[in-house]
Structures are given as C-alpha cells and as structure tokens.
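Engineer: In my numbering, the protein residues as written are 4 to 89.
The beta carbon of each residue, even a glycine, is placed where N, CA and C say it ideally should be.
As the structure is a computational prediction, the values presented were derived from the model and not from experiment.
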Amino acid sequence: MSFLWAIIAGLIIGLLAKLVIPGRQPIPLWLTVLLGIVGALVGNALASAFGVRDTGGIDWIRHVFQIGVAAVLIAFVSPAWARRRT
Numbered sequence: 004m005s006f007l008w009a010i011i012a013g014l015i016i017g018l019l020a021k022l023v024i025p026g027r028q029p030i031p032l033w034l035t036v037l038l039g040i041v042g043a044l045v046g047n048a049l050a051s052a053f054g055v056r057d058t059g060g061i062d063w064i065r066h067v068f069q070i071g072v073a074a075v076l077i078a079f080v081s082p083a084w085a086r087r088r089t
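#1: For M4, which residues of its own chain have a beta-carbon under 7 Å away from its beta-carbon, when the five flanking residues on both sides are left out?
#2: With a CB to CB cut of under 6 Å and the five nearest residues on each side skipped, what residues in its chain are close to A12?
#3: If I'm right that A9 touches I77 with Cβ under 8 Å, what's the distance once you round it to whole angstroms?
#4: What number of angstroms, rounded off, separates the C-alpha of I24 from the C-alpha of Q69?
#5: Measure the C-alpha to C-alpha separation of L22 and F6 and round it to an integer number of angstroms.
#6: Within the continuous alpha helix (DSSP H) that includes R88, where are the two ends?
What follows is the structure in structure tokens.
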C-alpha cells in the first residue's frame, strides 16, 4: 500500500511543482510523477537535515521542501526532455 501512496503523493507534488514553475513544461505525466516522488524523498531528507520535526498535523514546511525540490528537478529535466524530443 505504501507504493500506491508514493505514486499518489508524487503525482500531487509533481503537479504542484509544475504550477510553481512559469511557462510550459513539455514532459509526460509519468515523468512528472517520477520527479514528484524523487522530490518528496529528497525534500523529506532536506527537511530532516534542517531540523524540521514531524508534527501531529500537516507538515507544511516539509511539503514546501518537497515541492521546491520537485520544481527544481522539473525545471532542469524539462528543457533536456524537449531537446531530446526534437
């Protein structure tokens, strides 16, 4: 079941990251989900490294880290994907 949650979280984080980046990102949905999953994992690690603690509620700061990392990944991968497709 945790694999399914990773895909769902990756989809949400990846789509939110695409909304943060200005312009159009010509990458497929599966790559958005994959980068969202990686962003979630790396964002969690960064948040822990910066001392962000788990709370009983929603960890907004942790989510900001996750979306930020995913946005950076999408911003770097998107132009490379576009060049590869032309």
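Structural biologist: This is what the structure gives:
#1: Taking the first residue of the sequence shown as position 1, residue 4 is located at position 1. The predicted position of M4 is uncertain, since its pLDDT is 48 and thus under 50; a value taken from the coordinates is nonetheless stated next. The answer is none, since no qualifying residue turns up.
#2: Position 9 of the sequence shown, counted from the first residue, corresponds to residue 12. Annotation for A12: A43 place their beta carbon closer than 6 Å to its own, counting only its chain and skipping 5 residues before and after.
#3: Here the question's residue 9 lines up with position 6 in the sequence shown. Here the question's residue 77 lines up with position 74 in the sequence shown. Rounded, the Cβ-Cβ distance is 17 Å, inconsistent with contact.
#4: Position 21 of the sequence shown holds residue 24. Position 66 of the sequence shown holds residue 69. Approximately 14 Å between the Cα atoms of the pair.
#5: Against the sequence shown, residue 22 aligns to sequence position 19. Against the sequence shown, residue 6 aligns to sequence position 3. Roughly 24 Å separates the two Cα atoms.
#6: Along the sequence shown, one-based indexing puts residue 88 at 85. Per DSSP, R88 belongs to the alpha helix (DSSP H) from W63 to R88.
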